[in-house]
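In this note's numbering, the protein residues as written are 1 to 951.
This report refers to the structure that appears directly beneath it.
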Amino acid sequence: MSVFTGWRAALRIARRDAMRAKGRSALVVAMIALPVLGVTAADVTYRSVEPTRAEKLTASMGSADALFSDPGMGGPIQQMPDGQSYDLASQDTMQPGGEPVPPIDMRAALPAGAHATSIQSVPASVTTKYGITTTEIVEFRTSDPMARGKVDLVRGELPHGDREMAATEPFLTKSGLHVGSRTTLRGAERTYTITGVVERPDDLKSEALYADPGAVIDPWTNTARHDKKVLPPNVDSKKWLVKGAAGAGVSWPDVLAANARGALVVSRQVVLDPPPDSEVPMARTMSGNSYGGSEELSAALITVVAMAVLEIVLLAGPAFAVGARRSRRQLGLVGTCGGDRRHVRAVVLSGGLVLGGVGAVAGVAAGLLLTVVFRPVIENWAGYRFGSLSVQPSELLIIAVIGLVTGLLAALVPAVVASRQSVLESLSGRRGIRHSSRVLPVLGSVTLLIGAAVAVRGGTSGNSTLVAGGSVVAELGLLGCIPVIVGLLGRLGRSLPLSPRMALRDAARNRGRTAPAVAAVMAAVAGSVAIATSMSSSQAEVEYEYTAGLTPGTVALMASGDKSADRLPLARAAVEHNLAVTGGHADVGRVWAGSDCNVYYEDETSCGSVELIKPTGKGHTCPLTGKGARKLAASLSADEHRKLMRTPACLGEYINDDPFNNSADGVVLGDAAFLSTYVKLQDPAAAKALAAGTPVLLNPAYAKDGEVTLKAVHRYSDRDKTNRKLHPGKAATRTDRLKVYQAPEQYAATPGVRLILPLQTAKRLGLHTEVNGTVYTVARETTASEDQRVSAAIDLAGGGIYLQSSHGPSERQDTILLVLSLFAGVVTLGAAAIATGLAKADAEADLTTLSAVGAPPRVRRTLSGFQCLVVALTGVVLGTAAGLVPAVALRLVDLREAVKQMRVEPMESAYTPIVLPWATIGLLAVVVPLLAGLGAAAFTRSRQTLSRRAG
């Protein structure tokens, strides 16, 4: 008999056994399919989430052939085929500095017979359900066929005529409006009806309104021309979508002809099929370097792939181990019919081949289906639509083969174990007495330490191969320690009630059953923890780098126009009525010298200035700027650099916000109320100093010997007739040394404030003053509806005042990490359920024994539930430890890159924290074991038909 004949018989036996035990086979197939499902879904999503060049063109120009724009160069230009690089064709045509560049005649630049439609946007204030909000209005004929792919209709109808608009869903959500609502454009005072909902496929979070060309900008401009109180629209540059004549497209000669008239063109035909460099005039002046992307896979991607393959093996292993034990009588019959160990191994391996093949195919199919189902969720997370699902058959085939091969490898150990059992042992069902290996835990511990060290070394050196290899080795080492850990669990149940005590002792006694199930849960949880750690660490980095516009927990009312400060009392009433204000308010003012720069802003010689002079030397000059900064940065660690960046001397170098519109280098007018309300400094001595006319300094780097230097340049504009008459001649410069009260240095990071100047002191120094704002402490962040109500009340009072609030850092939206976390969560929950289900199936004989000795149904259910809870909880704890190894190593790779960048740019942050996702870990530690335990208890039958206890 040939070897193939023997394998054919083994495959038949395996197929029939799988069909006979459908429930067990389904669990084995699910165990193999689950990780294949996750990897397939991640692969398809990864390929789909990055738009192709053609999809990017569709997002920018819809179904048009080209996008024409005026680059404002003032003459003929030359460009590269993709339109990313362009310049004047001749420097002789450059406009003299300061002179406005006339717009080009775009109609003359279009190809003969082409059809075009314009796009132009303008920021505007419109009415909402709650009040008034600011949004972007785009004049674009969305009903034109060329708009498809750039702006798509979701529901309702596209606008037609000059009194209709379409809105995006985020705008409607924010404004409280809906299809059929009416909104009024402030300034022009024109009312429009919202006829439909549209979306930009490349930006689903866009808040915008769309109207036909001429419906908004022209009426607004006409109104501003006749009413000086209405500001004219601040329009963006106009662009044109162009469709070539008779489907000819826009060719490279058409692009060159448009360049000669000063137009910049991005042509679909040219970008997708670029001309040779010999036909591109600009290519002759370029270096010709190719800027292709790096072919090296990232450390994160390599680690994810390596961990995914290991996860498939660890998840499939316990499935085949249980299958082999449940089929041991059948394997014994093979021996009685003359089969030897080779044939027994072939039967078990054939089971791996049959079920592995089915699981691999089912996993790939389910992965594709899962991607389709979750596609809207992923697109909303990413903020843009996929052009199409990118399915790479070769990659899916590789994933399926990996699933099949690893399933076969997972059946190898159970096959060897089954072949070593005697025929009598297999037929009787006795497992015999097996002693745990004393070498395996020691070897596992050493392997765990070596793997972790290798992964950390890979992280510090930036070697992605070492990170992936070390992570896998560390997880294998932890796998070797599981039997000892499980054995120790039995000692924890001495003081517990009956069911949990029996569950712990059963887990310790049957380590061969418990350890593989624990390993399966560990493998699934490790991936989720690794991804969650990366995401939480990245978000902590975003929060650290965020610079608040206002002190947290405060809002500010700021006057922005002439005499608008007179309307502050009415604006305060609007804030106090609509916002969650706590306590009173504090006024804040601005100071200036010479002519007011907020009014006379033509150039730097038209108004005066106020400057807080910073001394030089240690404690005053930031060592990360100027000469020697790079040399110092090269000697700093990331933590040392972080501490240095947070010193008062360096804070002023990168925190330059001006929320109070004072243009006075952080010098504001304020009193004790401002100190406690906005600065959050509860210091009676500081309040007393302000009352006495002594300024309060928040940043000690500006003080020397308890004094600061304030320099005021009293420069007056010729248009400032009144003040110019009082101050003829050249600008006067005055420098004063002021005694100050220094606040603790932790207040140096207060947004927008370096020095609080009392009103009487400002007057004494000859500075102009104005109370131009009010600050409040609020109990929570303001909502969009509250902002709109306040804006409407202010507008009703005459306008000229705006509400400023700080909403904290936004979440970092890394689409790939979000996708991985989604599918890792699915795999984790599924793997925990299936692994504990297999363990429960393997322990069915023990439940039969309980029934035989008269145990009540409640004990059977609780014992089954606690058995699965022990498996799941142990797997979660060990999986958390295993997942931290690659997570920490990958963050060390990021740290290395950040430090490298910091040493080139010393003021760049190198802060790369490692933040544990305690919420995710807690959720896994509670939800997964709880679901496993409750599921096992629920599916355990209360009464069971007694059968002969094998053995």
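Beta carbons are placed, not taken as given, at the ideal position from N, Cα and C, and that holds for glycine.
Fair warning: this is a prediction, and the values are worked out from it, not measured in the lab.
Pick helix, strand or coil for residue i, following the three-state DSSP scheme.
| i | result |
| --- | --- |
| PRO71 | coil |
| GLN788 | helix |
| ILE194 | strand |
| MET80 | coil |
| THR551 | coil |
| ARG538 | In the sequence under discussion, the amino acid at residue 538 is Ser, which differs from the Arg named in the question. If DSSP states are grouped into helix, strand and coil, SER538 belongs with the helices. |
| ASP736 | strand |
| GLY293 | With a pLDDT of 37 at GLY293, under the threshold of 50, the modelled position of that residue is not reliable, and the figure given next carries that caveat. If DSSP states are grouped into helix, strand and coil, GLY293 belongs with coil. |
| MET907 | coil |
| GLN269 | helix |
| PHE386 | coil |
| ASP987 | Lying before the first or after the last residue shown, residue 987 is absent from the chain, which here runs from 1 to 951. |
| PRO123 | strand |
| LEU88 | strand |
| PHE140 | strand |
| GLU50 | coil |
| ALA64 | coil |
Beta carbon of residue i, beta carbon of residue j: below 8 Å?
| i | j | result |
| --- | --- | --- |
| THR582 | ALA779 | yes |
| ALA166 | GLY196 | yes |
| GLY956 | VAL36 | Nothing can be reported for residue 956: it is not among the residues displayed for the chain, which extend from 1 to 951. |
| LYS1040 | GLY176 | In this structure the chain extends from 1 to 951, so residue 1040 is not present and cannot be described. |
| LEU878 | MET522 | yes |
| ALA649 | CYS622 | yes |
| ARG734 | GLY766 | yes |
| LEU376 | LEU440 | Here residue 376 turns out to be Pro, not Leu, going by the sequence shown. Contact flag unset, no. |
| ILE132 | ALA792 | yes |
| VAL588 | GLY666 | no |
| ASP65 | LYS243 | yes |
| VAL708 | LEU697 | yes |
| ALA365 | ILE104 | no |
| THR777 | VAL486 | no |
Please report the straight-line C-alpha distance between residue i and residue j, rounded to a whole angstrom.
| i | j | result |
| --- | --- | --- |
| ALA797 | ALA571 | 8 Å |
| VAL529 | LEU498 | 33 Å |
| LEU690 | ILE655 | 25 Å |
| GLU908 | HIS807 | 24 Å |
| ILE914 | PRO213 | 51 Å |
| ARG12 | LEU408 | 16 Å |
| ALA673 | HIS585 | 7 Å |
| ALA919 | GLY161 | 52 Å |
| GLY356 | ALA42 | 20 Å |
| ALA208 | LYS56 | 20 Å |
| PRO275 | THR58 | 20 Å |
| VAL270 | ILE399 | 37 Å |
| PHE939 | LEU869 | 14 Å |
| ILE613 | LEU579 | 38 Å |
| GLY527 | LEU448 | 17 Å |
| ALA956 | PHE660 | Residue 956 cannot be examined here, being either before or after the span of the chain that is shown, 1 to 951. |
| ASP359 | GLY403 | According to the sequence as given, residue 359 is Gly; it is not Asp. Whole-angstrom Cα-Cα distance: 8 Å. |
| SER143 | PHE374 | 30 Å |
| LEU738 | VAL610 | 14 Å |
| LEU924 | GLY883 | 13 Å |
| LYS563 | ASP795 | 14 Å |
| ALA517 | THR783 | 48 Å |
Point to revise | Touch test, the region 855-866 against the region 919-939, Cβ-Cβ under 8 Å, three pairs minimum | key: Yes, the region 855-866 is in contact with the region 919-939.
Practice item. Within the region 498-528, note down every full beta strand (DSSP E) run reaching 3 residues or more, in order along the chain. Key: Within the region 498-528, no complete beta strand (DSSP E) run reaches 3 residues.
Check your understanding: Do the region 198-210 and the region 373-392 touch if we need at least three Cβ pairs shorter than 8 Å?
Key -> Verdict: yes, contact present.
Exercise for review: For the region 221-228 and the region 143-157, state whether three or more C-beta atom pairs, one from each stretch, are separated by less than 8 Å.
Suggested key: Because the criterion of three Cβ pairs below 8 Å is not met, the region 221-228 and the region 143-157 do not touch.
Review point. When the Cβ atoms of the region 442-457 are set against those of the region 466-482, are three or more pairs found closer than 8 Å?
Key: With a cut-off of 8 Å, the region 466-482 and the region 442-457 count as touching, because enough Cβ pairs lie within range.
Review point. Three or more C-beta pairs closer than 8 Å, one from the region 109-122 and one from the region 252-259: is that the case here?
Key: Contact between the region 109-122 and the region 252-259 is present, because at least three Cβ pairs lie under 8 Å.
Review point. With a cut-off of 8 Å, do at least 3 Cβ pairs link the region 727-746 to the region 530-548?
Key: Under the 8 Å Cβ criterion, the region 727-746 does not count as touching the region 530-548, having fewer than three qualifying pairs.
**Study point:** 3 or more residues per run - each beta strand (DSSP E) lying fully within the region 745-804
**Key:** If only complete runs of 3 or more residues are kept, the region 745-804 shows the beta strand (DSSP E) at 755-757 and 768-778, in order along the chain.
Check your understanding: In chain order, which alpha helix (DSSP H) runs of at least 4 residues are fully inside the region 837-903?
Key -> Fully enclosed alpha helix (DSSP H) runs of 4 or longer: 844-852.
Check your understanding: If we count Cβ pairs, one from each stretch, closer than 8 Å, do we get three or more for the region 669-684 versus the region 757-771?
Key -> Between the region 669-684 and the region 757-771 there are three or more C-beta pairs closer than 8 Å, enough to call the two in contact.
Review point. Taking three-plus beta-carbon pairs below 8 Å as touching, is the region 15-35 in contact with the region 120-129?
Key: No: fewer than three Cβ pairs fall under 8 Å.
Check your understanding: Does the region 717-726 come within contact of the region 628-640, defined as at least 3 CB pairs closer than 8 Å?
Key -> They do not touch, by the three-pair rule.
Practice item. Pick out the complete alpha helix (DSSP H) segments inside the region 571-644, 4 residues or longer, and give them in chain order. Key: Here the runs fully enclosed are 629-634.
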